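Letter by letter, the sequence shown follows residues 25 to 640 of my numbering.
We put the beta carbon where it would ideally sit given N, CA and C, even for glycine.
Quantities reported herein were computed from a predicted structural model and do not represent experimental measurements.
Written out below as structure tokens is the structure these notes cover.
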Amino acid sequence: MAGEVVAHAAEVASHGGVDLMQVVALLGAGVIAVPLFRRLGLGSVLGYLAAGLVIAPFGLKLVGDPQAVLHAAELGVVLFLFIVGLEMEPAKLWGLRKEIFGLGILQVGLCGLLLTLAGIFLLGLAPAVAFVAGMGFVLTSTAIVMQILSERGELQTPAGQKIVSVLLLEDLAIVPLLAVVALLSPGVDTDVSMTQRWISVGVAAASIVTVIFAGRWVLNPVFKILAESKAREVMTAAALLVVLGAALIMEAGGLSMAMGAFMAGVLLSTSTFRHQLEADVEPFRGLLLGLFFLAVGMSLDLAVVAANWQFIALSVVLYMLLKGGAIYGLARVLGSGNALALERAVLMAQGGEFAFVLFTTATAGGLLTGELNAIFTATVIISMVLTPFSTMLLKLVPKPVQSLAGVEKPEGLTGNVLLIGFGRFGQIASQPLIAKGQHSISIIDNDVEMIEVAQTFGFKIYYGDGTRLDILHAAGAGTADLVLVCVDKKDSATRITELVKSEFPLAKVMARAFDRGHALELVKAGADYQLREVFESALEFGAETLRQLDVDMVEVGEIIEGVRERDRQRFAAQMVGGLMAGRDLLRANAEDQARESGTVAGPSTPIIAPEEEAKA
25 MAGEVVAHAA EVASHGGVDL MQVVALLGAG VIAVPLFRRL GLGSVLGYLA
75 AGLVIAPFGL KLVGDPQAVL HAAELGVVLF LFIVGLEMEP AKLWGLRKEI
125 FGLGILQVGL CGLLLTLAGI FLLGLAPAVA FVAGMGFVLT STAIVMQILS
175 ERGELQTPAG QKIVSVLLLE DLAIVPLLAV VALLSPGVDT DVSMTQRWIS
225 VGVAAASIVT VIFAGRWVLN PVFKILAESK AREVMTAAAL LVVLGAALIM
275 EAGGLSMAMG AFMAGVLLST STFRHQLEAD VEPFRGLLLG LFFLAVGMSL
325 DLAVVAANWQ FIALSVVLYM LLKGGAIYGL ARVLGSGNAL ALERAVLMAQ
375 GGEFAFVLFT TATAGGLLTG ELNAIFTATV IISMVLTPFS TMLLKLVPKP
425 VQSLAGVEKP EGLTGNVLLI GFGRFGQIAS QPLIAKGQHS ISIIDNDVEM
475 IEVAQTFGFK IYYGDGTRLD ILHAAGAGTA DLVLVCVDKK DSATRITELV
525 KSEFPLAKVM ARAFDRGHAL ELVKAGADYQ LREVFESALE FGAETLRQLD
575 VDMVEVGEII EGVRERDRQR FAAQMVGGLM AGRDLLRANA EDQARESGTV
625 AGPSTPIIAP EEEAKA
């Protein structure tokens, strides 16, 4: 009965060839699944994949043709790489050449060799078939890895850049792999193929030259003209035209669409219109990339999986372990630490979307049967589905113990000033003390890397965790006149303050506060003095604003001092009555805005949202 209702609704919703039921199903699946999975800590990628499985032909049957959706959604990967390219200036990309062509080639070559041999000797595949299956699995999913790195904010980190470099090389590798598959296909005329190959090389080179020429000498003048027209929708259309046009040119040359978009992004990374382009493309990128993950989930043929589950299960485990192991070993040999090598191995152990292209080409050439294509495709998709789970398991791996080589622990320090935390705040706070030169200052921190860097600038920093009582004793808190708590973690700052005031009551504590709520916590913990980390800089910023508006210097000083005094009064009120006390002392602009607009501000209108009160 339910199926009949759904079918009837789909029939009613279909107008002029546009099946609204499928559109609603795709959008609804993403809207429901992604927030749920992210709330559960499972990530958006897994949410999309799961949603795709639910609405697939083997689930609720709300979408009839997953492959058509997948082809359209590949534009999400294209747009994603364009945005990545916008962040990669040519000089930056040149700096990664060793990673792209060195690490990338080594990884692709080693993993391809291992997976091919595994296919021959462990899975019983013919050599040519094993090569296609193995090399298809070598091509990591750019979409999944990029999305995970983006959500974790690691795209621009050194480790993230290495992963991006390898992904770029793998995108390039699809071109020679397609050529090799054509050669391996039965019944290929080698003479014709050689001629076609030379023609293909020429067309590919022409495509690259065209994209470079347009990116360097054509696009900026065109965007300048469009910007002067002040037609926002035209700028958006032009941004999409650039991305899709570059992708089309590269595809016509037999190259990767994603690579074309990436090149266009790199060429425009130094353009004055870079940020405008990114803003225009981003909404489409997010929507289409989500659609891509949905389509991958929908493409999993459960009937094929059920009929060949033993072979597929063995293939997934074998390929992921071998590929991940090879990546880990290579990373370790090239000098990466255990944690970074393991993370790279887990992130890149799956197959990717370019495998579908390779398998389809091999099937068209008679190298793979339709059944083998479906089996290998299912193997890749399952590995993609497993990747978010694998990354979650990384959290269970113990974090590496910091090497204390070259750093010194505190022992019997006797400085009359103890500074805890030598980050950006502590470094500045130390300068007046050091400049005075009449006080002995001891400094501890628990960041080994920062200590090593500080030593190169002539600082003597001891390694120690200020939240531990034994470290405080060793660092000389018992003999210190002042303890400066400059750590950047709220809980740690409060804990240190409580410990010092409890165990060393003669020492005065001056603490760095994160926000107003934290400042109140520190005072209650016993801090003799606290300062919100942005308070003075924000006041100076406001004072300079007034000076730029030609306000008299004397008046500026009076205004700033008035703000300070009202803040002191408000803070004193909050110590007694909580965060909501003293709100009448906070100057707000609602009444002024009401007068200017000719309306009357209601007396009950809140000056500041309660949830933001602690930050003010």
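- According to DSSP, residue 466 shares a beta bridge with 442.
- For the stretch 329-412, the continuous alpha helix (DSSP H) assignments of 4+ residues that do not extend past its boundaries occur at 333-357, 362-371, 378-388, in sequence order.
- Taking C-alpha positions only, residue 151 is separated from residue 391 by approximately 11 Å.
- In the structure shown, the three-state DSSP call for residue 78 is helix.
- In summary, residue 407 is buried, with 16 or more beta-carbon neighbours lying within 10 Å of its beta-carbon over all protein chains present.
- With respect to the 8 Å criterion, residue 465 and residue 437 are not classified as neighbours on the basis of their beta carbons.
- Secondary structure at residue 508: strand, using DSSP grouped into helix, strand and coil.
- In this chain, residue 419 is not harboured by any alpha helix (DSSP H), its DSSP state being neither H nor E.
- Secondary structure of residue 555 (DSSP, three-state): strand.
- Counting every other CB atom within 10 Å of its CB across the protein chains shown gives residue 336 a total of 16 or more, marking it as buried.
- The three-state reading of DSSP puts residue 575 in coil, since its state is none of H, G, I, E or B.
- Of the candidates 520, 568, 277, 277 places its Cα closest to the Cα of residue 220.
- Of all alpha-carbon atoms in 413, 524, 256, 107, the one lying nearest the alpha-carbon of residue 290 is that of 107.
- Within the stretch 92-125, the runs of alpha helix (DSSP H) that reach at least 4 residues and sit entirely inside it are, in chain order, 114-119.
- Residue 514: member of the alpha helix (DSSP H) spanning 514-527, first to last residue.
- Where residue 176 is concerned, there is no enclosing alpha helix (DSSP H), because DSSP gives it neither an H nor an E.
- Within the stretch 245-288, the complete alpha helix (DSSP H) segments at least 4 residues long are 256-276, listed from N- to C-terminus.
- Here the alpha carbon of residue 558 sits roughly 58 Å from the alpha carbon of residue 156.
- The three-state reading of DSSP puts residue 604 in coil, since its state is none of H, G, I, E or B.
- For residue 165, the closest alpha carbon among the candidates 459, 313, 570, 537 is that of 313.
- For residue 242, there is no enclosing beta strand (DSSP E), as DSSP marks it with neither H nor E.
- Residue environment for residue 481: exposed (fewer than 16 other C-beta atoms within 10 angstroms of its C-beta).
- Between residue 110 and residue 296, the alpha-carbon positions lie close to 11 Å from each other.
- Cα atoms of residue 509 and residue 538: separation of roughly 12 Å, rounded to the nearest angstrom.
- DSSP places residue 537 in the uninterrupted beta strand (DSSP E) bounded by 532-537.
- DSSP places residue 476 within a helical segment (H, G or I) once states are collapsed to three.
- Under the 10 Å beta carbon count, residue 526 is surrounded by fewer than 16 other beta carbons and is classified as exposed.
- For residue 451, the closest of 441, 378, 483 by C-alpha to C-alpha distance is 483.
- Look at residue 432 here: in three-state DSSP terms it is strand.
- In this structure, residue 550 keeps its C-beta atom at 8 Å or more from the C-beta atom of residue 528.
- Spatial neighbours of residue 287 in its own chain (CB-CB distance under 8 Å, excluding positions within 5 residues in sequence) are listed in chain order as 109, 232, 235, 236, 239, 270, 274.
- Separation of residue 433 and residue 478 (C-alpha to C-alpha, rounded to the nearest whole angstrom) is 15 Å.
- Looking at the DSSP output, residue 487 bridges to 469.
- Here residue 413 is exposed, its C-beta having fewer than 16 other C-beta atoms within 10 Å.
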